[in-house]
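To start, the structure under review is shown below, and the notes come after it.
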Amino acid sequence: MSSAEEVAEVLDCLWESEKTLIIVSSDLSHYLPYAIAQREDSKTASSILQLNHTVDHEHACGAMPINGLMLAARKHHLTPHLLDLRNSGDTAGPREQVVGYGAFAFTLPYSSLGNTDYAA
Numbered sequence: 001m002s003s004a005e006e007v008a009e010v011l012d013c014l015w016e017s018e019k020t021l022i023i024v025s026s027d028l029s030h031y032l033p034y035a036i037a038q039r040e041d042s043k044t045a046s047s048i049l050q051l052n053h054t055v056d057h058e059h060a061c062g063a064m065p066i067n068g069l070m071l072a073a074r075k076h077h078l079t080p081h082l083l084d085l086r087n088s089g090d091t092a093g094p095r096e097q098v099v100g101y102g103a104f105a106f107t108l109p110y111s112s113l114g115n116t117d118y119a120a
């Protein structure tokens, strides 16, 4: 298993310019009741928004890539933005056991979400 630092190194190798787009994908919580999943996923989202690279595998399957992205985001002075946070209970699934999902964008400090060309 790679460490967050190793993931950040790979991302740095891929980083070419401010037009570089890197996508890291991961589910968040798994098989928790709806209300508990909302609470846990909100904590994970808060960690991501604070660039706190200590997300663990209990809160996101892709914890290491997420943590590596946050390390790279700090290095490149990126600002995190929450685009959406929900779980399978918000869509078509039952609410007894849900899977959490979050969408985040990391932009340069002088970018604003209103004039950035990306879609989540």
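So the sequence shown is numbered by full-length UniProt numbering: it starts at 1 and just counts up by one.
Think of the CB as a built atom: it goes at the ideal place given N, C-alpha and C, for glycine as much as any other residue.
What three-state label does DSSP hand residue i in the structure shown?
| i | result |
| --- | --- |
| Gly100 | strand |
| Asp84 | strand |
| Thr44 | helix |
| Ala120 | For Ala120, the pLDDT reaches just 45, beneath the cut-off of 50, and the residue's location in the model is therefore unreliable, although a value from the coordinates is still provided. Three-state result, Ala120: coil. |
| Arg95 | coil |
| Gly62 | coil |
Residue j and residue i - do their beta-carbons sit closer together than 8 Å?
| i | j | result |
| --- | --- | --- |
| His57 | Val99 | no |
| Pro80 | Leu49 | yes |
| Met64 | Val10 | no |
| Pro110 | Arg86 | Checking the displayed sequence, the identity of residue 110 turns out to be Tyr instead of Pro. Cβ distance not < 8 Å, so Tyr110 and Arg86 don't count as in contact. |
| Ala72 | Asp84 | no |
| His53 | Met70 | yes |
| Gly62 | Ser3 | no |
| Leu78 | Leu108 | yes |
| Thr44 | Leu28 | yes |
So what does residue i bridge to, in DSSP terms?
| i | result |
| --- | --- |
| Thr79 | Thr107 |
Which parts of the segment 10-57 are runs of the beta strand (DSSP E), unbroken and 3 residues or longer, counting only runs that do not cross its ends? Runs of the beta strand (DSSP E) inside the segment 10-57: 30-32.
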